[in-house]
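This report concerns only the one structure given below.
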Amino acid sequence: MTEKEKSLAVYRFMEAKETLVSSRLCFDNKLYKDSINRSYYVVFYAIKSILALDSVDFKRHKVAVGYFNQHYVATEIFPKELGKKVGRLKRKREVSDYDDFYVATLDEAHEQINTAEYVLSQVEMYLSGKGVID
């Protein structure tokens, strides 16, 4: 791993952690749709931190998540349940962001924060094991 790859991975991981704070703030202020959106981006940035180590980047979320699933979930570097949770969160974020008249609930937002926390903790363990973060 190059220093540039490591630096980008750390930057993206820190961005994921900051976005989790934002998700919680939205949740605490009953902005559940925004909390779901932010929870998704926690996961997206965390995934992108791993992709930085492979020197790959994708503009489309679908492609980035697909690459992660193919190279990290299907190969069981990360548990299959994590891949399923990411997929559910992605779909929930799309519904929340794009469907007219959608009203997100406290329970939905809470579930997505839990997913974001779970994925972030798994990515943190992975990056720590690779010596990227302490």
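Under full-length UniProt numbering, the first residue of the sequence shown is numbered 1, with each subsequent residue one higher.
Don't be surprised by glycine CBs; every beta carbon is placed ideally from N, CA and C.
The structure presented is a predicted model; accordingly, all values stated were derived computationally and were not measured.
Residue i to residue j, Cα distance in whole Å?
i, j, result
"V4", "F13", "First, the amino acid is wrong: residue 4 is Lys here, not Val. Their backbone Cα atoms lie some 14 Å apart in a straight line."
"E76", "L82", "10 Å"
"S55", "A109", "32 Å"
"S35", "R24", "7 Å"
Is the beta carbon of residue i less than 8 Å from the beta carbon of residue j?
i, j, result
"R93", "N37", "yes"
"Y126", "I47", "no"
"F58", "Y67", "yes"
"T115", "S22", "no"
Would you call residue i buried or exposed, if buried means 16 or more other Cβ atoms sit within 10 Å of its Cβ?
i, result
"S96", "buried"
"V63", "exposed"
inquiry  = Could you tell me which whole beta strand (DSSP E) segments of length 3 or greater appear in the UniProt domain "HEPN" (13 to 124)?
reply    = none
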